[in-house]
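Engineer: Following this message is one structure expressed as structure tokens.
Chains as they are written, first to last, in the numbering used here: chain D, 1315 to 1569; chain V, 1315 to 1569.
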């Protein structure tokens, strides 16, 4: 199966590498930035282009560009004979339907950084397809690179993506705030690393609601007031402290 | 060294077990709830009491009760000849000074759940002491159960605790919100577990600021608007979405 990869960002890079080690054949990488296209194409031992009108003939066109950029990219590519796949958590399948007879979605749920290796087989992939034939094709591709493949509707995928933003991007922002607090008091982020690891490890076998700890969970109002005071110089952190503390207190008041 | 353990909560339980496997000798457990005292005392093969006036003579009194409860417990215990230690992240050493000649703090930084085993040696312990002799004693105790022992002032410990609330308790609340979102759309929390694991794993070797991903980081405004819309039924989650997204956008706008 010949695949053209459109995009060279984090998701495109990891998908491309996973396909490179499968029976699928990535024949070309497109990026609007020629240097980026060439960098990834070199790794995947294929052609590079920055011209959407010069895409190779292929069985599968795999689109992995920013959601905002997708409509313009589709318009410039024009209609395709192969299976057209997008990789967005948020966009509906409908968006790409006019551009090919067979369309599908491959949404790998993971936080990809270009320079961190990942075992793609462990990453759940969520698929959606415009019909039985495209479903068969997209699931075959997903199964070639992942051990966990699930069909989801566009609506469900959108909610999964919102949940992922809370569990990953927002969690990472909380880590970053914690790092800021430590830094401003000459403390090393290293001190928190075992705690962060264990917090994530606990919910691998239990539900988060069952393992909450800390002053809000205990209703330790003296500590909560003390913490609020120590955050006085940063109104955004104070607001976060209030909203998240109230959320925790309400969650356990209901029980 | 004879130790009396005052408290039978999560921290007291894990500390007691760690000491049980060291050269320290836990001789008695106090809890205001007799059944809880006996439960832990059984595990530590020692006496149980629910009467603070009947504490055994010991070299070390290790206080691990809720911050709110500490002043009343101290008053009822009365002054002690041994080393008096508290385990609070927030309370200053000063609070217990009037109750013993030698006082100290042992603050183990971890999220303790009673029924999840932990390798205590991996948990950083932060100490503080009222003088050289108590410093020697408290550091010896901490080193007997942990590989990482650091002296911190009360002020630094308080800020470390605030940072830990963000990195652990608030993170776990975000996991819980993600679980709520999934549940309301008939999706299993299991789907997010690899993502949560990887988000925590990434910051073990890098700083959180260096590994952020997602729509806020990318400036993907269409997705951000779509997500806000999907959270319409829950104003608290919408507020969190806004504050955390703005935080991420500001963080990278500065760079």
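The beta carbon of each residue, even a glycine, is placed where N, CA and C say it ideally should be. Model, not experiment: these values are computed from the prediction.
#1: For a minimum of 4 consecutive residues, which ranges assigned as the alpha helix (DSSP H) are wholly contained in the segment 1444-1488 of chain D?
#2: Determine the extent of the alpha helix (DSSP H) in which residue 1331 of chain D is found, giving its start and end residues.
#3: I need the boundaries of the alpha helix (DSSP H) containing residue 1350 of chain D, first residue and last residue.
#4: Could you have a look at residue 1436 of chain V and say whether DSSP puts it in helix, strand or coil?
#5: I need the DSSP call for residue 1371 of chain V, collapsed to helix, strand or coil.
#6: Since residue 1410 of chain V is in the alpha helix (DSSP H), which residue starts that stretch and which ends it?
#7: Mind listing the chain D neighbours of residue 1379 of chain V? Cutoff is C-beta to C-beta under 7 Å, in chain order.
#8: Roughly how many angstroms separate the alpha carbons of residue 1336 of chain D and residue 1352 of chain D, rounded to a whole number?
#9: Cβ closer than 7 Å: which chain V residues qualify as neighbours of residue 1413 of chain D?
#10: Is there a Cβ from chain D that is less than 7 Å from the Cβ of residue 1400 of chain V?
#11: Can you tell me the Cα-Cα spacing of residue 1562 of chain V and residue 1410 of chain D, whole angstroms?
#12: Quick check: what's the CA-CA separation for residue 1432 of chain D versus residue 1414 of chain D?
#13: Where does residue 1526 of chain V land, buried or exposed, given buried means 16+ other C-beta within 10 angstroms?
#14: Which of the three DSSP states, helix, strand or coil, is assigned to residue 1537 of chain V?
#15: To the nearest angstrom, how far is it from the Cα of residue 1445 of chain D to the Cα of residue 1419 of chain D?
#16: Return no unless some Cβ of chain D is closer than 7 Å to the Cβ of residue 1562 of chain V.
#17: Beta strand (DSSP E) containing residue 1344 of chain D: first to last residue?
#18: So which residues on chain D does residue 1419 of chain V lean against when the C-beta distance must stay under 8 Å?
#19: Taking buried to mean at least 16 other C-beta atoms within 10 Å of its own C-beta, is residue 1321 of chain V buried or exposed?
#20: To the nearest angstrom, how far is the alpha carbon of residue 1396 of chain V from that of residue 1362 of chain V?
#21: Could you give the residue range of the alpha helix (DSSP H) that holds residue 1388 of chain D?
#22: Assign residue 1392 of chain D to buried or exposed, taking buried as 16 or more other Cβ atoms, counted over all protein chains shown, within 10 Å of its Cβ.
#23: How big is the Cα-Cα spacing for residue 1368 of chain V and residue 1412 of chain V?
#24: Suppose the cutoff is 7 Å on Cβ atoms and the five residues either side in sequence are ignored; what does the same chain contact list for residue 1519 of chain D look like?
#25: Quick check: residue 1508 of chain V and residue 1511 of chain D, are their CB atoms within less than 7 Å of each other?
#26: Evaluate the contact criterion for the segment 1480-1497 of chain V versus the segment 1479-1488 of chain D: three or more CB pairs, one atom per stretch, below 8 Å.
#27: In whole angstroms, give me the CA-to-CA distance for residue 1449 of chain D and residue 1460 of chain D.
#28: Just to make sure I have the definition right: I need the residues of chain A whose C-beta is within less than 8 Å of the C-beta of residue 1437 of chain D. Which are they?
#29: Mark residue 1493 of chain D as exposed unless 16 or more other C-beta atoms lie within 10 angstroms of its C-beta, in which case mark it buried.
#30: Pick from D:1495, D:1366 and D:1340: whose alpha carbon is nearest that of residue 1348 of chain D?
#31: Go ahead and pull the three-state DSSP assignment for residue 1379 of chain V.
#32: Could you tell me if residue 1529 of chain V is buried or exposed, where buried requires 16 or more neighbouring beta carbons within 10 angstroms of its beta carbon?
#33: Please classify residue 1498 of chain D: is it buried, with 16 or more other beta-carbons within 10 angstroms of its beta-carbon, or exposed?
#34: At a Cβ threshold of 7 Å, is residue 1359 of chain V touching chain D?
#35: Using a beta-carbon distance cut-off of less than 9 Å, what residues from the segment 1456-1479 of chain D approach chain V?
#36: What does residue 1400 of chain V pair with, by DSSP beta-bridge criteria?
Structural biologist: Here's the rundown:
#1: Runs of the alpha helix (DSSP H) inside the segment 1444-1488 of chain D: 1446-1459 and 1468-1478.
#2: For this step, residue 1331 of chain D is matched to residue 17 along the first chain. Unbroken alpha helix (DSSP H) run through residue 1331 of chain D: 1324-1334.
#3: Position 36 of the first chain holds residue 1350 of chain D. DSSP places residue 1350 of chain D in the uninterrupted alpha helix (DSSP H) bounded by 1348-1358.
#4: On the second chain, position 122 is the one that residue 1436 of chain V refers to. Looking at residue 1436 of chain V - three-state DSSP - the assignment turns out to be helix.
#5: As a first step, residue 1371 of chain V must be located in the second chain, where it is residue number 57. Look at residue 1371 of chain V here: in three-state DSSP terms it is coil, with no helix or strand label.
#6: Along the second chain, one-based indexing puts residue 1410 of chain V at 96. Counting along the chain, no alpha helix (DSSP H) covers residue 1410 of chain V, and no H or E run does either.
#7: Within the second chain, the letter at position 65 stands for residue 1379 of chain V. Per Cβ cutoff of 7 Å: no residues; residue 1379 of chain V is ~11 Å from chain D at best.
#8: For this step, residue 1336 of chain D is matched to residue 22 along the first chain. For this step, residue 1352 of chain D is matched to residue 38 along the first chain. So the two alpha carbons sit approximately 21 Å from each other.
#9: For this step, residue 1413 of chain D is matched to residue 99 along the first chain. Result: empty, since nearest Cβ-Cβ is about 18 Å, beyond 7 Å.
#10: As a working mapping, residue 1400 of chain V is identified with position 86 in the second chain. No, residue 1400 of chain V lies away from the interface with chain D (no Cβ there is under 7 Å from its Cβ).
#11: Residue 1562 of chain V sits at position 248 when you count from the first residue of the second chain. Residue 1410 of chain D sits at position 96 when you count from the first residue of the first chain. CA-CA distance, residue 1562 of chain V to residue 1410 of chain D, rounds to 30 Å.
#12: Position 118 of the first chain holds residue 1432 of chain D. Position 100 of the first chain holds residue 1414 of chain D. When rounded, the distance between both Cα atoms is 31 Å.
#13: Taking the second chain and counting its residues from 1, one reaches residue 1526 of chain V at position 212. With 16 or more other Cβ atoms within 10 Å, it is buried.
#14: Position 223 of the second chain, counting from 1, holds the residue named residue 1537 of chain V. Looking at residue 1537 of chain V - three-state DSSP - the assignment turns out to be helix.
#15: Working through the first chain from its first residue, we reach residue 1445 of chain D at position 131. Working through the first chain from its first residue, we reach residue 1419 of chain D at position 105. So the alpha carbons of these two residues sit roughly 12 Å apart.
#16: In the second chain, counting from the first residue as 1, residue 1562 of chain V sits at position 248. Closer than 7 Å to some Cβ of chain D, the Cβ of residue 1562 of chain V qualifies, so yes.
#17: Looking up residue 1344 of chain D in the first chain gives position 30. Looking at the DSSP string, the run of the beta strand (DSSP E) that includes residue 1344 of chain D is 1339-1344.
#18: Here residue 1419 of chain V refers to the residue found at position 105 when the second chain is read from its first residue. Chain order gives no chain D residues near residue 1419 of chain V, where near means a beta carbon separation below 8 Å; the closest approach is about 15 Å.
#19: In the second chain, the residue the question calls residue 1321 of chain V occupies position 7. Residue 1321 of chain V is buried by the Cβ-count criterion.
#20: One-based indexing of the second chain puts residue 1396 of chain V at position 82. One-based indexing of the second chain puts residue 1362 of chain V at position 48. Taking C-alpha positions only, residue 1396 of chain V is separated from residue 1362 of chain V by approximately 19 Å.
#21: To locate residue 1388 of chain D, count along the first chain from 1; it is residue 74. From DSSP, the alpha helix (DSSP H) with residue 1388 of chain D extends over 1384-1391.
#22: Within the first chain, the letter at position 78 stands for residue 1392 of chain D. By the 10 Å Cβ count, residue 1392 of chain D comes out exposed.
#23: Position 54 of the second chain, counted from the first residue, corresponds to residue 1368 of chain V. Position 98 of the second chain, counted from the first residue, corresponds to residue 1412 of chain V. Roughly 20 Å separates the two Cα atoms.
#24: Walking along the first chain from the start, residue 1519 of chain D turns up at place 205. Excluding sequence positions up to five before and after residue 1519 of chain D, its CB lies less than 7 Å from no other CB in the same chain.
#25: Reading the second chain from its first residue, position 194 is the one you call residue 1508 of chain V. Reading the first chain from its first residue, position 197 is the one you call residue 1511 of chain D. Not closer than 7 Å, so no.
#26: Yes, they touch.
#27: Along the first chain, read from residue 1 onward, the residue named residue 1449 of chain D stands at position 135. Along the first chain, read from residue 1 onward, the residue named residue 1460 of chain D stands at position 146. Approximately 16 Å, taken between the alpha carbons.
#28: You won't find chain A in this structure, because its protein chains are D and V.
#29: For the purposes of this step, residue 1493 of chain D is taken as residue 179 along the first chain, with counting starting at 1. Burial check for residue 1493 of chain D: the Cβ neighbour count within 10 Å reaches 16 or more, so the residue is buried.
#30: Here residue 1348 of chain D is taken as the residue at index 34 of the first chain, counted from 1. Closest by alpha carbon: D:1366.
#31: One-based indexing of the second chain puts residue 1379 of chain V at position 65. The DSSP-derived three-state label of residue 1379 of chain V is coil.
#32: Position 215 of the second chain holds residue 1529 of chain V. By the 10 Å Cβ count, residue 1529 of chain V comes out buried.
#33: Here residue 1498 of chain D refers to the residue found at position 184 of the first chain. Exposed.
#34: Residue mapping note: residue 1359 of chain V aligns to position 45 of the second chain, counting from 1. Chain D, which has no Cβ nearer than 7 Å to the Cβ of residue 1359 of chain V, makes this no.
#35: Answer set for the segment 1456-1479 of chain D: 1462, 1464, 1466, 1469, 1470, 1472, 1473, 1474, 1475, 1476, 1477, 1478 and 1479.
#36: The residue labelled residue 1400 of chain V in the question sits at position 86 within the second chain. According to DSSP, residue 1400 of chain V bridges with V:1377 and V:1419.
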